[in-house]
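Q:
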Amino acid sequence: MAESLGSKLKNITGDVLLAAGAVAYLGAFNVTFSSKNTLLGELSLINILGEPVQVRQWQIAGLPKDSFSVENGIIVKNSNRWPLMIDPQDNDIIVVKYSDPEYLLSLANAIQSGVPALLEGVGDNLDPGLESVLLKRTFKNKGSECISVGSQVVEYDPKFRLYILTSLRNPHFPPEDQLLGILAAAEKPELEEMKNKLIVDGAKNKKQLKDIEDKILKVLSTSQGNILEDETAIQILSSSKVLSEEIEAKQEVASKTEEEIDKTRDGYSPVATHASILFFCVSELSQIDPMYQFSLPWFIQIYIKAIKETPSAKKGSKESSGDVSRRISNLNSNFTEIIYHKISRSLLREHVLVFSFILSLRLSGVENWQYVLKDIQSIDHNQPIPDDKWMTGKMWNSIVSISKMKTFQGLMQSLRDDLKDWRAFYEAPNPSKDCLPVRWKEIRDLDYIFLLRIIRPDWVISAIRSFIGDMLGKEFVYPQILNIQNAYEDSDSNTPIILILSPGANPLACIDSIELPSDKSPAFIKSISLGQGQGPKAESLLVSAAREGGWVILQNCHLCTNWMRDRLQSLWEEEIILGVDPRFRLWLTSYPSDSFPPHMLQLSVKVSLQPPNGLKANLSVAYSTTPIVNPDFYDANEAMPLRAPFRRLVYGLAFFHGAVLERLNYNGVGWNDPSYEFTWSDLNISLMQLKDMLLTDRGGEMSEEDGFCHREIHSCSSVLRRVREVFDRRLLSTLLGTCFSQPISNNYCIPGELHRVNVLEIIARLSETPDPDAVGLHFNSVLIRNEEDGRKILNWTYLATRYGEFTDLSNWNLPEMEARDSLNTTLRLEITRYNALLRIALIPEIETAYREVNSNEVLSSWKIISYSSLQTLEHYLLNLRKRIEFFRVWSEGKIRPKLYWISGFYFPQSLLTSVLQNYARKKQIALNQVEFEYLVLRDPEGIDPREGIIIEGIYLEGASWDEEKGLLVEPPRRISPHKLKKGFYECPVYRNEARKGDILATGHSTNYVFDIHLPTTVKKEHWILRGVAGILELRH
1 MAESLGSKLK NITGDVLLAA GAVAYLGAFN VTFSSKNTLL GELSLINILG EPVQVRQWQI
61 AGLPKDSFSV ENGIIVKNSN RWPLMIDPQD NDIIVVKYSD PEYLLSLANA IQSGVPALLE
121 GVGDNLDPGL ESVLLKRTFK NKGSECISVG SQVVEYDPKF RLYILTSLRN PHFPPEDQLL
181 GILAAAEKPE LEEMKNKLIV DGAKNKKQLK DIEDKILKVL STSQGNILED ETAIQILSSS
241 KVLSEEIEAK QEVASKTEEE IDKTRDGYSP VATHASILFF CVSELSQIDP MYQFSLPWFI
301 QIYIKAIKET PSAKKGSKES SGDVSRRISN LNSNFTEIIY HKISRSLLRE HVLVFSFILS
361 LRLSGVENWQ YVLKDIQSID HNQPIPDDKW MTGKMWNSIV SISKMKTFQG LMQSLRDDLK
421 DWRAFYEAPN PSKDCLPVRW KEIRDLDYIF LLRIIRPDWV ISAIRSFIGD MLGKEFVYPQ
481 ILNIQNAYED SDSNTPIILI LSPGANPLAC IDSIELPSDK SPAFIKSISL GQGQGPKAES
541 LLVSAAREGG WVILQNCHLC TNWMRDRLQS LWEEEIILGV DPRFRLWLTS YPSDSFPPHM
601 LQLSVKVSLQ PPNGLKANLS VAYSTTPIVN PDFYDANEAM PLRAPFRRLV YGLAFFHGAV
661 LERLNYNGVG WNDPSYEFTW SDLNISLMQL KDMLLTDRGG EMSEEDGFCH REIHSCSSVL
721 RRVREVFDRR LLSTLLGTCF SQPISNNYCI PGELHRVNVL EIIARLSETP DPDAVGLHFN
781 SVLIRNEEDG RKILNWTYLA TRYGEFTDLS NWNLPEMEAR DSLNTTLRLE ITRYNALLRI
841 ALIPEIETAY REVNSNEVLS SWKIISYSSL QTLEHYLLNL RKRIEFFRVW SEGKIRPKLY
901 WISGFYFPQS LLTSVLQNYA RKKQIALNQV EFEYLVLRDP EGIDPREGII IEGIYLEGAS
961 WDEEKGLLVE PPRRISPHKL KKGFYECPVY RNEARKGDIL ATGHSTNYVF DIHLPTTVKK
1021 EHWILRGVAG ILELRH
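full-length UniProt numbering puts the sequence shown at residues 1 to 1036.
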């Protein structure tokens, strides 16, 4: 003991210095960084500043037993300044709410009483009224120590402690030690109890040793004369020595026993590690959508449930190492499956596969998989592209870039040597590793996905599904069928249920489908659509429902996020859940919103509602729900001659509704504005109006020809009223006429026998695979859709990877120009806009910019003043440099370019208007009497138009251009957007592939530029359904 005290005395200065540094600087770091710090070396903050008895009291009061939590407690206890606590999971700690208007009064009361106060919900800025409290700026007033709190002065009690809680940062710390403790307590309760007893005994022994040390020091300090002659002191020292030796012996035995217990306990650490990885995956989802927030207590609750539900070894049998391994495997697989089902029902359909992919990557054990998610960085090279039309320049540049990676060394040479094999792989309808040249057949799964991104991007999503199936199982590949009953059973009266909506979802019908026994049925069900003035009504209804056991449905919560944050959250915690009836439920419906209160999100059960996916599913639902399922509607006037025409119209209208929804999955090719909210109410209203008009207004008489009258179909289709964009209305009108013709498409027609049961049998035989021809699209639209879906999956998953750097734009400025004619005026305006963009680009907001660069997104501060673009940050910068170079050459050359790169203009319309103005001035005619004529040129070399200009940079999407015949034709399969090298053509031209924009008074969107006419030998309706359009800027 004397040696131990001597060693501590020798090192005390350095130990305390290092501990002070840890208290001052390490508190903000999460467990991953704290475990890697070298400040303390082999020392422990717990051993230096921790008091075992006090630490044990903390743990009894609820502090997790892992070392990270204990160290945080020690840091808070020993800090002189008020601690700011980072609690991203909002672990139900509430004392004083920062959002409460009277919070300063509550804080003043705590200061006077000497009671600790927790200030919760702090954001970026603190109230200036807290300045004196934060700085502990006290002063003497009439002999009392006082402090200013806002505008009032109160007496300051030294016992007061202030704790500040924020959830602004999510440090993503996996609670591995905490999860291991929970598992050990469940699996080996006797060992956990023994460990706790040892901790208590150890704390008592250390307290006794401390008391002995204090007693010895007191004897030494009070002894008079020679201590060897003081018999009382000698007896006390002797007895203390004997007692301390006994305690040290007990402590040594206890330490060995504790080591053995920890060794057995650590045998289950693979489960805790696995669970912490799952928690990490779950917490990452909030970066995809802010609605995906889940708390640590909720996660631990599911974890405990999984432990209880996983079968264990037979009781009374001796557990072998094989049993433990099997138990660990069962726990891991069962918990993974439970978490997947609980989380996936909360996610939108397109995000479920992202979650499965993140799980697969994290659990695969493969290191350095982030390269699969990153965009390929182009490099300068002089490698000639192989002479083959199927390979694009972008594809070849990417191949050259990745050929420097170890995994893909030799790929570039293989493309040259085995060009026919690679072309066969490129053109294969169902490519697989077996289609690759011999050397590349054994490529790893992740490397194969990376290779597909370059050569077959339309097949990336299929490869991701295969990877997930191999890693986790087939049940993780596709979204599960929604079971609202299970979601209800997972909730209780203290847990709200949030229904995350998508266009076309019907939350009320979903809630009505829940079946309950009579003793659990609500006293009443009432719904309120939130909006201006509805807050007080909702509050009154919530309080009464909580007491009486009713259900309250608050709809459109995304429209009242301020009320949700300021009133609902406090009402819920302070009034509703106190003495609540167990039958009470709160249902919240909301579209995804950045402003939804995080605390309510983490507290609730979340369910994502989406309409059926696919034409077959939509037809099946239409014929299985009201009004078609109602005999009074579908079988009305059974004996009348109009029965068959009426049913054909019903089928056509149902098919039309399914086609309208199905085209939403094809982005800009399907609809110029894919955000239209086509709902089941639209179909129901249209069907009822159809019946009223055709059966009532016509007095029961209707001919076959009348039944297919487009005028009447238009008047009964409420979908038409939702569409505002000019070319979408043209498409909708064409699609409507197609769905009532016979046949509808190559593979679809209106059935001959239209009895509802027969129609359902016909629908059941339809293919599950999307058929673009059924909705008027070309087969290539499926490839474009698959490519876009794969890109989204990788981009969303990429949010977990952080990297990026800025490009120096300071030397990109363009010279100012003087206007001499309309074209020079356009040039001057373009230069002014680009220079303004470059000035903004030099001063981004650091926090926001860092996050966006990590995601390879164009900075939001740039988008405010930038031209419209869908490109990633890397491609945007390359495109911006190209645009500026075009205008630099034009402005410095003092002559007009022969070819006008129309894609490079901020406002392409200004270029076209300038050409018309110059012509009108030259001919001295009115501007409104001048219009363009267009000609597609095969080769512009040597052509100098006397009037007008030659433009380039337009890409044709949805069709191809036959240069030999000068006609618009169907594209061959697997063709990229076809570039119209120079000229004009007959279809709307948009700035980018999104086609969507704000609708102007003219009915056009802000994305629309102009439209031209291209010759063709087929009906124009064919190209309207194909979604043919010109695109000025491609995504890549």
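Yeah, the Cβ is synthetic: ideal placement off N, Cα and C, and Gly gets one too. All of these numbers come straight from a predicted model, not from anything done at the bench.
Counting Cβ pairs, one atom from each stretch, are 3 or more of them under 8 Å apart for the region 777 to 796 and the region 452 to 461?
A: Between the region 777 to 796 and the region 452 to 461, the count of Cβ pairs shorter than 8 Å is three or higher; the stretches touch.
Q: Assign lysine 263 to one of two classes, buried (16 or more other C-beta atoms within 10 Å of its C-beta) or exposed (fewer than that).
A: Mapped onto the sequence shown, residue 263 falls at position 263. Lysine 263 comes out exposed.
Q: Closer than 8 Å is the cut-off here; do at least three beta carbon pairs connect the region 340 to 350 with the region 607 to 614?
A: yes
Q: In the DSSP output, which residue or residues are listed as bridge partners for asparagine 613?
A: By one-based count along the sequence shown, residue 613 stands at place 613. None; asparagine 613 has no bridge partner.
Q: Tell me the start and end of each unbroken alpha helix (DSSP H) in the region 654 to 698 that is at least 4 residues and wholly inside, in chain order.
A: 667 to 670 and 680 to 691
Q: Which residue comes first and which comes last in the beta strand (DSSP E) that contains cysteine 146?
A: On the sequence shown, residue 146 is found 146 positions in, with the first residue counted as 1. 144 to 149 is the span of the beta strand (DSSP E), which, as asked, contains cysteine 146.
Q: Using DSSP with H/G/I as helix, E/B as strand and the rest coil, what is tyrosine 934?
A: By one-based count along the sequence shown, residue 934 stands at place 934. Secondary structure at tyrosine 934: coil, using DSSP grouped into helix, strand and coil.
Q: Is the region 609 to 618 in contact with the region 766 to 775, if contact means three or more CB pairs nearer than 8 Å?
A: yes
Q: In angstroms with no decimal places, state the Cα-to-Cα distance between phenylalanine 280 and glutamine 485.
A: Residue numbering aside, residue 280 sits at position 280 when the sequence shown is read from its first letter. Residue numbering aside, residue 485 sits at position 485 when the sequence shown is read from its first letter. Whole-angstrom Cα-Cα distance: 28 Å.
Q: How is serine 608 classed by DSSP in three states: helix, strand or coil?
A: Locating residue 608 in the sequence shown gives position 608, counting from the first residue. Annotated three-state conformation of serine 608 is strand, per DSSP.
Q: For my contact list, valine 149 and leucine 104 are in at a C-beta cut-off of 8 Å; report their separation, rounded to the angstrom.
A: Looking up residue 149 in the sequence shown gives position 149. Looking up residue 104 in the sequence shown gives position 104. Right, their Cβ atoms sit about 6 Å apart.
Q: Any idea what DSSP makes of arginine 81, helix, strand or coil?
A: Taking the first residue of the sequence shown as 1, we reach residue 81 at position 81. Coil at arginine 81, not helix or strand.
Q: Could you tell me the boundaries of the beta strand (DSSP E) in which serine 960 lies?
A: Within the sequence shown, numbered from 1, the residue matching residue 960 stands at position 960. Element bounds for serine 960: 960 to 962.
Q: Looking at the unbroken beta strand (DSSP E) that takes in glutamate 1033, where does it start and where does it end?
A: Within the sequence shown, residue 1033 is the residue found at index 1033, counting from 1. Per DSSP, glutamate 1033 belongs to the beta strand (DSSP E) from 1029 to 1033.
Q: Figure out for me which residue from Phe408, Asn556, Ser462 and Glu574 has the closest Cα to the Cα of proline 429.
A: Stepping through the sequence shown from its first residue, residue 429 is reached at position 429. Of Phe408, Asn556, Ser462 and Glu574, the residue nearest in Cα terms is Ser462.
Q: Quick one: what does DSSP say aspartate 1011 is sitting in, helix, strand or coil?
A: Taking the first residue of the sequence shown as position 1, residue 1011 is located at position 1011. In the structure shown, aspartate 1011 sits in a strand (DSSP, three-state: E or B).
Q: Can you look up arginine 888 in the DSSP assignment and give me helix, strand or coil?
A: Here residue 888 refers to the residue found at position 888 when the sequence shown is read from its first residue. Helix, per DSSP.
Q: Anyone know if the C-beta pair for leucine 183 and alanine 306 falls short of 8 Å?
A: Position 183 of the sequence shown, counted from the start, is the residue given in the question as residue 183. Position 306 of the sequence shown, counted from the start, is the residue given in the question as residue 306. No, the pair does not count as a contact, with Cβ atoms beyond the cut-off.
Q: Distance check for glutamine 59 and lysine 315, CA to CA, integer angstroms please.
A: In the sequence shown, counting from the first residue as 1, residue 315 sits at position 315. In the sequence shown, counting from the first residue as 1, residue 59 sits at position 59. A caution first: lysine 315 carries a pLDDT of 44, below 50, which makes its placement in the model too unreliable to give a value.
Q: Using a Cβ-Cβ cutoff of less than 7 Å, which residues in the same chain neighbour isoleucine 449 once the five nearest sequence positions on both sides are dropped?
A: Locating residue 449 in the sequence shown gives position 449, counting from the first residue. For isoleucine 449, where only same-chain residues beyond five positions count, the Cβ hits under 7 Å are Val372, Val460, Ala463, Ile464 and Phe467.
Q: Run through the region 388 to 470 for me and flag every whole alpha helix (DSSP H) of 4 or more residues, listed as ranges in chain order.
A: 393 to 402, 411 to 417, 419 to 427 and 445 to 455
Q: Using C-beta distances below 6 Å, list every residue in its chain close to aspartate 447, excluding the 5 sequence neighbours before and after it, in chain order.
A: To locate residue 447, count along the sequence shown from 1; it is residue 447. Counting only Cβ-Cβ distances below 6 Å, and skipping sequence neighbours, we find Thr407.
Q: Check methionine 817 in the structure and name its three-state DSSP category.
A: Within the sequence shown, residue 817 is the residue found at index 817, counting from 1. Here the model assigns methionine 817 a pLDDT of 48, short of 50, so the residue's position is not dependable, and the following value carries that caveat. If DSSP states are grouped into helix, strand and coil, methionine 817 belongs with coil.
Q: Assess, as a yes-or-no matter, whether the region 662 to 669 is touched by the region 986 to 1006 under the definition of 3 or more beta carbon pairs within less than 8 Å.
A: yes
Q: Using the beta-carbon count (16 or more within 10 Å), is aspartate 692 buried or exposed?
A: Here residue 692 refers to the residue found at position 692 when the sequence shown is read from its first residue. Its Cβ having fewer than 16 others within 10 Å, aspartate 692 is exposed.
Q: Can you determine whether any heavy atom of the ligand GDP sits closer than 7 Å to the C-beta of arginine 583, and answer yes or no?
A: The ligand GDP is not part of the structure shown, which contains no ligands of any sort.
Q: Look at the alpha carbon of cysteine 557 and the alpha carbon of threonine 392, and state the distance between them as a whole number of angstroms.
A: What you label residue 557 is simply residue 557 of the sequence shown in a count that begins at 1. What you label residue 392 is simply residue 392 of the sequence shown in a count that begins at 1. Their Cα atoms are separated by approximately 48 Å.
Q: For the 8 Å Cβ check, are there 3 or more pairs between the region 322 to 330 and the region 402 to 417?
A: no
Q: Leaving out five residues before and five after lysine 1019 in sequence, what residues of the same chain have Cβ atoms less than 7 Å from its Cβ?
A: Counting from one through the sequence shown, the residue named residue 1019 turns up at place 1019. Closer than 7 Å at Cβ, skipping near neighbours: no residue.
Q: Give the C-beta separation of asparagine 1007 and serine 868 to the nearest angstrom, bearing in mind that I take them to be a contact with Cβ-Cβ under 8 Å.
A: Sequence index remark: in the sequence shown, residue 1007 carries index 1007 (1-based). Sequence index remark: in the sequence shown, residue 868 carries index 868 (1-based). Between serine 868 and asparagine 1007 the Cβ distance is about 7 Å, and since that is below 8 Å, they are a contact.
Q: As a quick exercise: from Thr1016, Leu359 and Leu899, pick the residue whose alpha carbon is nearest that of valine 282.
A: Counting from one through the sequence shown, the residue named residue 282 turns up at place 282. Here the closest residue by C-alpha is Leu359.
Q: Restricting to runs no shorter than 4 residues, where is the alpha helix (DSSP H) found entirely within the region 311 to 389?
A: 321 to 344 and 349 to 363
Q: Could you work out which residue in Val324, Ser518 and Ile576 is closest to aspartate 266 when comparing CA atoms only?
A: For the purposes of this step, residue 266 is taken as the residue at position 266 of the sequence shown. Considering only alpha carbons, the answer is Val324.
Q: Is the region 595 to 605 touching the region 511 to 525 in the sense that three or more CB pairs, one from each, lie closer than 8 Å?
A: no
Q: What separation, rounded to the nearest whole angstrom, lies between the Cα atoms of alanine 233 and glutamine 224?
A: For the purposes of this step, residue 233 is identified with residue 233 of the sequence shown, where counting begins at 1. For the purposes of this step, residue 224 is identified with residue 224 of the sequence shown, where counting begins at 1. About 10 Å.
Q: Determine the closest residue to leucine 237 out of Leu217, Ser255 and Gln251, with distance taken between C-alpha atoms.
A: Locating residue 237 in the sequence shown gives position 237, where the first residue counts as 1. Nearest C-alpha to leucine 237: Leu217.
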